[in-house]
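Those letters in the sequence shown? Residues 81 to 267, by my numbering.
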Amino acid sequence: SDEEKEKDAKKEVIFNLSIPDIEKIKITRQFCERNWDIPIFDDCIKNAFVKINIYAGKSNSNSGNTGYIIGTVKDVQVLKDKPYVFVGKQCSKYINVLHAHKEKIFKFNVVSNSAINENEFNIWKSRMDAHKISLPTKTIIHDVSCNLGKIKSFKYSNEELSKMINKKMEEKIKNKDKNINITYQLD
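1. When burial is assigned at 16 or more other CB atoms within 10 Å of the CB, is Asn133 buried or exposed?
2. List, from N- to C-terminal side, the alpha helix (DSSP H) runs of 4 residues or more that fit wholly inside the stretch 129 to 193.
3. From which residue to which residue does the alpha helix (DSSP H) around Thr219 run?
4. Taking C-alpha atoms, which residue in Phe121, Asn255, Glu183 lies nearest to Cys112?
5. Could you tell me the distance, in whole angstroms, from the CA atom of Lys154 to the CA atom of Ile175?
6. Based on DSSP bridge pairs, tell me the residues matched to Lys106.
7. According to DSSP, simplified to helix, strand and coil, what is Trp286?
8. Does the stretch 201 to 217 touch the stretch 95 to 107, meaning 3 or more C-beta pairs lie closer than 8 Å?
9. Relative to the C-alpha of Ser237, which residue among Ser214, Cys171, Pro119, Lys247 is closest?
10. Can you tell me where the alpha helix (DSSP H) with Ala210 in it begins and where it stops?
11. Name the two residues that bound the continuous alpha helix (DSSP H) containing Lys247.
12. Phe95 lies in the alpha helix (DSSP H); which residues open and close that run?
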């Protein structure tokens, strides 16, 4: 009923977002390393939190420094003309991260594995408040948590495995590679 929806909306407004809430829906570099090439990954990490090392790989006056921001994943972008090496493979995927009102794309390499600290959380929250941007609700946190769970429990179908094997075989043949070794295990 409309009355129940109104009550639920009021509960969402009263919700006091905390660091543990964010940690529930934060992706780490290790998570990305294990899952970035799963077909559902790009869609399922939308709105997840991420902690980014903003100085990683920069050769300027900040070299050697670490500085982190937290933000949410807006989407995953494929930039075929800007590949980089990620976990020993060529990767063209970048995460588009929203930090308050600013948006920037990052390589998976700069995603942090460390927990969000109180200072990082407070900086993010104050910037969200300053730009009058709504904080994530319990519903959003629940939905993102469910999506991340889908990634963790993802299993390839026989059809997907066959496509992957055929693609790998085509690449090997195209490159005239005489060593073709593909192993997989079905449950």
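Backbone N, C-alpha and C define an ideal beta-carbon position, used for all residues, glycine too.
The answer reads as follows:
1. Residue numbering aside, residue 133 sits at position 53 when the sequence shown is read from its first letter. With 16 or more other Cβ atoms within 10 Å, it is buried.
2. none
3. The residue you call residue 219 lines up with position 139 of the sequence shown. Here the alpha helix (DSSP H) through Thr219 covers 218 to 232.
4. For the purposes of this step, residue 112 is taken as the residue at position 32 of the sequence shown. Looking at the Cα atoms, Phe121 is the closest of the given residues.
5. Locating residue 154 in the sequence shown gives position 74, where the first residue counts as 1. Locating residue 175 in the sequence shown gives position 95, where the first residue counts as 1. Near 8 Å, if we compare the C-alpha coordinates of Ile175 and Lys154.
6. Mapped onto the sequence shown, residue 106 falls at position 26. Phe129, per the DSSP bridge assignment.
7. Coverage of the chain is limited to positions 81 through 267, which leaves residue 286 absent and any answer about it impossible.
8. yes
9. Here residue 237 refers to the residue found at position 157 when the sequence shown is read from its first residue. Looking at the Cα atoms, Pro119 is the closest of the given residues.
10. Start at 1 with the first residue of the sequence shown, and residue 210 comes out as number 130. Per DSSP, Ala210 belongs to the alpha helix (DSSP H) from 198 to 210.
11. As a working note, residue 247 is residue 167 in the sequence shown. Segment 238 to 254, the alpha helix (DSSP H) holding Lys247.
12. The sequence position of residue 95 within the sequence shown is 15, counting from 1. No alpha helix (DSSP H) holds Phe95; DSSP gives it neither H nor E.
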